[in-house]
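A.B. asks:
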Amino acid sequence: MIRNKIFLFIFLLLFTFACSSTKETTKQSNSPDEEVYVFDDVSDVPDVDTTSHEAVEVILEQKAEPTPPPPVSAQTVPVAPVLATVENGYIVQVGAFSTRDKAESFVKGAKNTISYPLHVKYIEKTGFYAVQLSPLKTRKEAEKVRNELWKNAQFSDAFIVPKSK
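The opening residue of the sequence shown carries number 1 in full-length UniProt numbering; numbering runs sequentially from there.
#1: Whether or not the region 113–122 and the region 139–154 are in contact is what I'm after, with contact meaning three or more pairs of Cβ atoms, one per stretch, closer than 8 Å; do they touch?
#2: Per DSSP, what kind of secondary structure is I6 in: helix, strand or coil?
#3: Starting from A103, trace the alpha helix (DSSP H) both ways and give me its first and last residue.
#4: Which residues in the same chain have their Cβ closer than 8 Å to the Cβ of R146, if we skip the five residues on either side of it in sequence?
#5: Whose C-beta lies closer than 8 Å to the C-beta of I2 among residues of the same chain, with five residues either side of it excluded?
#6: When you compare the CB positions of L136 and Y90, do they come within less than 8 Å of one another, or not?
#7: Just the Cα atoms here: how many angstroms apart are F15 and K5?
#8: Cα separation between E104 and A18?
#9: Could you tell me the alpha carbon to alpha carbon distance between S164 and K102, rounded to whole angstroms?
#10: Considering only C-alpha positions, which residue in the set I10, V94, F7 and L12 is nearest to Q132?
#11: Indicate whether A96 and A142 have their beta-carbon atoms separated by less than 8 Å.
#12: Which of the three DSSP states, helix, strand or coil, is assigned to K144?
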């Protein structure tokens, strides 16, 4: 009889400790893995005919300050902020795509929607093609542009990244 009680006691102890979580298991299950946000939804962008010889303007990196657009009355289009020409500043990113084709398709569909030039840049760290505006000198200017872009549903995911040196 005592033997059965000891066996039952040991069995209950093993069952209790084997089914409980350790602190390490709890820590691992509560900490989410780092997520990378990618939005490849280009359903609003018209299909691109890849067989045509029409050139699509995609600027990979711009080293010199672009020529300013022709003067327009202040009532029709807001004045674009001054672009950063030094190795600092802030960039408004409007998209990240897994392929260059998707990024270029987005640029082609969006170029008539906004007055800012869009650039496709490959980000080695993430392996994605980022669609970005030209660098701005201050974060305040970048926030102003980003907030303006947020008014358009197509750019509701726009965010600011510091320009890497």
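The beta carbon of each residue, even a glycine, is placed where N, CA and C say it ideally should be. These numbers come from a predicted model, not from an experiment.
C.D. replies: Taking the geometry as given:
#1: yes
#2: helix
#3: R100 to A110
#4: V92, A158, F159 and I160
#5: none
#6: Yes, Cβ-Cβ distance for L136 and Y90 is below 8 Å.
#7: 15 Å
#8: 55 Å
#9: Approximately 24 Å, taken between the alpha carbons.
#10: V94
#11: no
#12: helix
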